[in-house]
Amino acid sequence: MADATQKNIPSGSGRTGVVRGRVALIVILVFMVLLCVRFAYLQLIDPNDYRTSALDQYTSSVTIPAKRGAIYSNDAATELAVSATVYNCFISPYDIVQFAEDSQETSTPIDSETLLNNVSDGLSRILSVDRDEIELKGQRYNSKYQMIKKFLTETEESAVRTFIADNGYQTIIHLEETTKRYYRYGSFAAHLLGFTGSDNQGLSGLEFTYNEYLAGTDGKSVKAADAYGNELDSGVGSTYIAATNGLNVVTTIDWTVQNTVEKYIKQAYEEHKPNGRVECIVMDVNNGELLASAIYPSFDLNDYNNLSEFYQTKYDEFEGTEDERSAERSKLLYEMWNNTVATQTYEPGSTFKIITSAIGLEEGRISAETSTFSCRGAIDIAGTTIHCHDIGGHGVQNFSQALVNSCNPAFIQIGDAIGTSIFKRYFDEFGYTQTTGSDIVGEVSSIYFATTGVQFETIELATYSFGQTFQVTPLQHIRAVSTVANGGNLVIPHAVKALVDNNGNVVKTFDYEIDRQVISDETCNKILSTLINSTKNASVSGYNVVSKTGTSEKRSTLRGDDYVSSCVTFAPAEDPKIAILVLVDEPTSGQYYGSAVAAPVVGNVLAEVLPHLGITPNTEDKTTTIVSQYVGKPLDTAKKLIEDAGLKCIVRGDGDAVVSQLPAKGTVVSTDGVVILYTEGAEITADVRVPNVIGNSPTTAIKTLVNSNLNVSVKGIFNGDYTNCRVISQSVMAGEYVLPGTVIELEFLYEEAIE
Amino acid sequence: MATKTSDLAKHDGNQPEKKKNVRVNSNRIYRLIGEVDRPLLIVIIALVCIGSVMIFSSSYAYADSKFGDSYYFARSQVGFALTGIIIMAVIARTLDYRILKSFAYIFYAGALVLNYLVPFFGQTVKGATRWFVIFGIQFQPSELLKFALVLACATYISNHSSEMRNFKTGAIPILLLTAPAALATLLQSHLSATIIICLLMVVMLWLSGLKGVYFGVVLGSGVTLGAFVLTIGRGILEKLVPHALTRLKVWENPFDYMSVESGGKGWQPAQSLFAISSGGFWGLGLGQSNQKHGYLPEPQNDYIFAILCEELGFFGVVCVISLFAVLAYRGYHVSQNAPNRFSSLLSMGITAQVIIQVLLNLAVVTNTFPSTGISLPFFSYGGTSLIILLAEMGIVLSISRYSFVEQG
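So the sequence lines, in the order shown, correspond to chains F and B.
The opening residue of the first sequence carries number 429 in the working numbering; numbering runs sequentially from there.
The opening residue of the second sequence carries number 75 in the working numbering; numbering runs sequentially from there.
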């Protein structure tokens, strides 16, 4: 040992050893420096990718769904569509196994099959879901998310919560918050409003067009957890971004107008049983706001994925293979949802004569005062004979007569006077060659000479002049003809006017400029004054309205006698506020004239809508009286009062004091109505047999009813004009027994064989 | 650094009057037995302290989730650390390093026997059989083997120092001495121990004074063999040590092997990189690691440094690496001033053994080197290895007490 030491004097390592030891140390230090560089690279120079990956694994993000905005009617008060928070119920089969495993160590062990049985039984009972279906889903033991039922009702939700709490199934059964869209009035303006899918995305109609505003922005909650699922103390990466709820949309739809329209188009549908639809648009002529836009048959927005009754019947009648039936169902669904006021074209027919007139007058090609047109019942144009609806011919007419008569040969002459180039220019000016620029989804373009590729020659000019051989959408047409009502301006129809937040503050308004002025005020007035009250079925007592009806032949069907009956009306005539267009596609009731099929709908709607819109009547209605209180008065006094009111008085019983009266106080009866007074001892019995008055003239019908001691209320009579009209319906069927004095409502139709 | 008033091991020590004990070894040389190398002692204590703190910081979440006791690892490790320090102190104060030389070959033979027995009697953890369990304490014989090899090499080289320059009489005996140790660890599938043993052999050959050309031949053939295995010879590697190839692939892109389906081998290295990068310059703060909460598995073991990186940042990393650098320097210093060839080789060999493990571990946590299961001295959890480590440090400290002064 000592020898070895001595060999290595003076140092333990020797000269070579010193050098080599030093080299070894240097090598070690170099490696340490290199490692420091590596750490610097990872920690300082390029750490972000790994940091992000690390953060990603701590954090899990939960979406906080934004609440979709509501859709309101034009007064921003009536909710048409709202979103509500509801719950989905799902189960975690994975946790069924875990639960079963954990239970083995407790006093109540349970195996996973029994557990699944219990869960399936319970949920099936509460949610009315097929038990086997739940069990099947529950057997997917690797899954943590198996949806059992979406959109639970409140009852179901609380029952599930109780079921979970009672059994301690917190890990197995879960409720997940979501939102569901509710449409307050089901089928109300269904085609226009459209609907929203389960993912809060608007799929059609205004829900689609305004989705970006309605949808809002989902928020998210990010939480950091350790690998065992517990929240990390450091709170790294945790964020909470609140959801931004969607804005509310205020439409231009007037609840009352829309409701009235829907009521009468349904009635017209049932009366005329058209092969197609009944459509109606009501538009503010001055700014293009749509007060109503309705189609019948409609569908329930709350159940948009199922065929409505009408379409279901069609589907049931369809025969074919499974695939064909499924394709048919899809086809019918699209048909059902289709907002055809903007997506389907039709030949406007005689209502287009307003436009032809406007062009002729505006360009000075005809004169409202001096021009005359002759009609021999038919006219020959370039070798084709075109008939007038009056086969005998209208003879020589001035402009007003030609328009009121809706004489085709006369309008062919007006068209000829205008010439093709000017006509084409105005056809474009009136907006028939473009979509309207409205906010209604899926507007289609019109079908006219440019799109079909035909030359616009004499024969086309002739047929276009009375509104046939080209097709436009109802929306394009009401926009074009409304120029006549608003002083010549082409407006842009639209259904939404503003966005408001949840505090009612207006966030954005949609202002639509007038597209352009097409015709002068003077031209407008000439046409308005010509057509004033020209269609009595579309007119309203006490008001003046401007109407033009149309009955266009459908060239698209194989049958030769299919028509679209339509009527366009502006009211009030003095200073038009609204335009209304009604069209009935292929009526099958035997009547097909626009004046008989479409005009009464207009008349009925306007009768209710004009007072609602605050438009005061020109003349006070003197055709009705309100029955006063006579009970308790001495018989003589009462009798005198009744006769002073112009009513007929009938006394039952022989007492001196009135103990009862029919009709009751406040009932509206016609001025030639009847009041029955009862004194002591008189028995009140429904002893009046209602006579049949359908088909009678107004005079006969009213006389018949009053003589039977019944009162009358009339509908469809314009300003007391009894000529040329007949009762088409009575509110109580003939042969029924009613109380004396009962008000029988009679509906009249003028027989106006225009066209 | 503390002033070394009593440290007479300094070769320029000029205060012989303060020496406690002087033995005259020759006419000109005074052999001094003085104080231990104080900077080295301070660095060791500092590393043990930081290591214990990090054991607690890194392990408490894991310990809590696994044993319901946050202090499970920390308590045990602190106990071993205190035991180890006492053992180190006793060795440093009392050991005469010359005794080691007499037992060197017997000790080495004993360590080899233990290592060859491990595959038959050892405890299997995660598919590898590398541990004995004695009285409930896990013990890894390969830890002992590394030290035994250093000791044996130091003994051989010091006994045959004049023959060490030649290949036949220098390199061959050392290679033959090392071969059974390398084989024993290979049989345990303990590749990291094999690598360390080979590197130790290289270090010992270098220090032995082997002619540069021959050293170059040995090192060159080792490097060539390694390069061959990693490139063309992958098929051979796959047959010999199947898991090694997987480790290579995982090393190339750990993120592809994170999922359970892909074997999950990449999870730990990937999480280690996430932890390191999350630290930045100042770190998230002591105790603030997110990765230790179940993301980085067994954060108190081989990958403990990743948690240190995350919590203490680049700043902490540089501090700890600097401590190891000081340890290396003081080890070198002790070796340079060792009283003789044997003690010089032994102290440098032990220092090299520790530093090689440190370098390899840091290379593994940064995915600079494939994951091999090398623990970080003073930091990684493991009672017996810490005690063996501190005992070795005790030997170095003990050697530091023997120094010399050159009499003018």
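The beta carbon of each residue, even a glycine, is placed where N, CA and C say it ideally should be.
By DSSP, does C803/F sit in helix, in strand, or in coil? strand
Pull up the distance between the alpha-carbon of T886/F and that of S967/F, whole angstroms please. 36 Å
By the criterion of Cβ-Cβ separation under 8 Å, what are the contact partners of N364/B in chain F? A482, Y486, A652, D654, L660, S662, V664
Can you list, in chain order, the stretches of the alpha helix (DSSP H) that have 4 or more residues and sit fully within the region 798-877 of chain F? 827-833, 836-846, 848-857
If we define contact as Cβ-Cβ less than 9 Å, is D530/F a contact residue for chain B? no
Min CB distance V502/B to chain F below 9 Å: In the structure as shown, chain B starts at 75 and stops at 482, and residue 502/B therefore has no counterpart that could be examined.
Would you mind stating whether V996/F and H905/F have Cβ atoms separated by less than 9 Å? yes
How many angstroms separate the CA atom of G1144/F from the CA atom of L1069/F? 30 Å
Provide the residue(s) that pair with H905/F in DSSP beta bridges, ordered along the chain. BP columns for H905/F are empty, so no partner.
Could you give the residue range of the beta strand (DSSP E) that holds I1104/F? 1102-1106
Select from Q197/B, N233/B, G447/B the residue whose C-alpha is nearest the C-alpha of A267/B. G447/B
In three-state DSSP terms, what is G405/B? helix
Please look up how many angstroms separate the CB atoms of L463/F and I395/B, rounded, as I've assumed it's under 8 Å. 7 Å
S126/B - containing alpha helix (DSSP H), residue span: 112-141
In chain order, what residues of the same chain lie with their CB nearer than 7 Å to the CB of L156/B, ignoring the 5 residues before and after it? none
Measuring only the C-alpha atoms, how far is G1060/F from V1087/F? 6 Å
Closer than 8 Å by beta-carbon distance: list the chain F residues that pair up with A135/B, in chain order. D654
Kindly provide the ranges of any beta strand (DSSP E) runs that are 3 or more residues long and lie completely inside the region 296-354 of chain B, ordered along the chain. none
If you run the structure through DSSP and keep just helix, strand and coil, what is P537/F? coil
Which bits of chain F does W356/B rub up against, with CB to CB less than 9 Å? Going along chain F, no residue has its Cβ under 9 Å from W356/B, so there is no contact; the nearest lies around 10 Å.
Is the shortest distance between the beta-carbon of V869/F and the beta-carbons of chain B less than 9 Å? no
CB of V588/F within 9 Å of CB of L551/F, strictly: yes
Which residues of the region 441-458 of chain B have a Cβ closer than 8 Å to any Cβ of chain F? Give them in chain order. T442
Sorted by chain position, which residues of the same chain lie with C-beta nearer than 7 Å to A256/B's C-beta, five sequence neighbours on each side aside? T268, I271, C272
Given this structure, state the Cα-to-Cα distance separating V1134/F from L956/F, to the nearest angstrom. 39 Å
Using a 10 Å radius around the Cβ and a threshold of 16 neighbouring Cβ atoms, would you call E659/F buried or exposed? exposed
Name, going along the chain, the residues of the region 449-478 of chain F whose beta-carbon falls closer than 7 Å to a beta-carbon of chain B. G449, A452, L453, I456, L457, F459, M460, L463, C464, R466, F467, A468, L470, Q471, L472, P475, Y478
Range of the contiguous alpha helix (DSSP H) that encloses A255/B: 246-261
Does the Cβ-Cβ distance between D990/F and F938/F come in under 9 Å? no
Assign R944/F to one of three DSSP states: helix, strand, or coil. strand
Can you tell me the Cα-Cα spacing of I538/F and L322/B, whole angstroms? 47 Å
In the DSSP assignment, find the unbroken beta strand (DSSP E) run with W765/F in it and report its ends. First-last for W765/F: 750-765, but that is the alpha helix (DSSP H), not the beta strand (DSSP E).
Around the Cβ of I129/B, are there at least 16 other Cβ atoms within 10 angstroms (buried) or fewer (exposed)? buried
When the Cβ atoms of the region 167-184 of chain B are set against those of the region 463-471 of chain B, are three or more pairs found closer than 8 Å? yes
Could you confirm whether any beta carbon from chain F is found closer than 9 Å to the beta carbon of M162/B? no
9 Å Cβ cutoff met for S615/F and F738/F: no
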